[in-house]
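Below is one structure, written out as structure tokens; comments come after it.
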Amino acid sequence: MIELLNYKDQNPSQLNLKFCKAELRGSSHFIPLKLNKNQPILIKTPKLYMPFQPKFQSSDSGYLRLSFDNLKIDRDVELFHIWIKSLEKHLHDSLSIDLKKKNLTSIIKQSHPYSDYFNINFDTNQLKIYNINLEPISVQDIKGKFYAYFVIQLSGMCYNTKQNNIRIVLDLIQFKLDNPKNAIQECLFLDEIMETKKEINLVKSHPKLASYIKMLNLGVPKFAVQQKMMITGTPSEYLDYLESDIDDLPPQLKKILEEYSSNNSNSETNSSTDSNVKSDENVKIPSGMSVLNSLNSLISSNLLQGGLNKLKKVEKDPESTLLKIKKMSGISSLPVPSLDQIKDALQNLKSVNESDKKPDY
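Mapping the sequence shown onto the working numbering, position 198 (from 1) lands on 364, and the numbers just tick up by one.
Here it is, written out as structure tokens:
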């Protein structure tokens, strides 16, 4: 399976890159680069701008200029710009002592007062291009002034023994057109609009997940939070999408959040198990404990009745219910508490709840 590097959370210095044996290409030496010994190093870019149509150097090869035109208004483009700089430093630091003496030619070029850019080579026999509707098109159909998403390959490094420079070789593998230049409104508030959208639509900001996010922030182990989500009937898969936009969720997960928001906006409340996921500022959540102790602590006293209602359902058919809970968690290795353990946990919480109601003298 082909792996695409993620510039958002994969530090170049932590990549397992392999420098292969140098090859002679014309008058230059080429050092192929691989990921994890034998995989191609493929990177998916954020939305970049193509100011010009492709430039052909022969009938089947040429290059594209990719511009950081939206650098100041798109955080993803800014992160990619930073990632490329970090990649350059890591590659240069990894070279042999002799090659380190050579000057590394920067991938990103500056052309004031215009946007930063870089040129990337392509081979028409290997390049795949798709329009907005994901229909294959020819490179000859590209006219420039378009935004697009690209898959580029870090192929290797190239140098000439007679020159004092060494450069990084990037090749274009695929790209998908997005918008023509004139489709984007030049708005001075565009950066504020984009940031507001991210804050509102991030999965981790949704009120249905507030109590679970609080647990994670307080240091509760992820597996313990997943246990709590199982008990309250909330899919634990949400923890894999916390930094994603709600619109990017799988349909079923997105639907649950939308229904929750819709019910809240209409002031429709009920006493079902779903009420267990409301945020409670008074919950005291310890960390660093066993699964069972986590279970005792994570079910707060004011949520006890919801847990008892859940227990009544479990008692009717404990085996199938617990298997269903395990399936909902999406993690086969996660231990599922037995019926007796759940009963003990709820009984302990009931005792704690009753003792909390007694006045202190």
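Every residue, glycine too, gets a C-beta built ideally from N, C-alpha and C.
In the DSSP assignment, PHE389 falls within the alpha helix (DSSP H) that extends over 388 to 398. Taking the C-beta atoms as reference points, SER227 is found no nearer than 8 Å to ASN285. When DSSP reads this structure, GLU189 sits in a beta bridge with PHE196. One thing to note: LEU320 has its Cβ within 8 Å of the Cβ of LEU199.
The alpha-carbon separation between VAL243 and ILE412 amounts to approximately 21 Å. Contact check for PHE312 against LEU343 passes: the beta carbons are separated by less than 8 Å.
At a cut-off of 3 residues, the continuous stretches assigned as beta strand (DSSP E) that sit fully inside the stretch 199 to 264 are 208 to 210, 214 to 216, 221 to 224 and 227 to 233.
Listed in chain order, the non-local C-beta contacts of SER193 below 7 Å within the same chain comprise ASN326, local neighbours out to five positions each way being set aside. For ASN287, the uninterrupted beta strand (DSSP E) run begins and ends at 283 to 289, by DSSP. ILE295: member of the beta strand (DSSP E) spanning 294 to 296, first to last residue. According to DSSP, residue pairing for GLN319 in a beta bridge involves LEU208 and ASP337.
In this structure, LYS275 lies near TYR283, with their beta-carbon atoms less than 8 Å apart. When rounded, the separation of the alpha-carbon atoms in LEU237 and TYR280 is 12 Å. For ASN172, no alpha helix (DSSP H) segment is defined, and its DSSP state is neither H nor E. The straight-line gap separating the alpha-carbon atoms of GLU254 and THR271 is approximately 9 Å. The residue among MET323, SER427 and MET396 with its C-alpha nearest the C-alpha of GLU189 is MET323. Rounded to the nearest angstrom, the gap between the Cα atoms of ASP235 and GLU301 is 25 Å. ASN330 and ILE273 have their C-alpha atoms some 16 Å from each other.
Scanning PRO387, ASN383, PRO373 and VAL386 for the CA closest to the CA of THR400 turns up PRO373.
One thing to note: LEU423 has its Cβ no nearer than 8 Å to the Cβ of GLU403.
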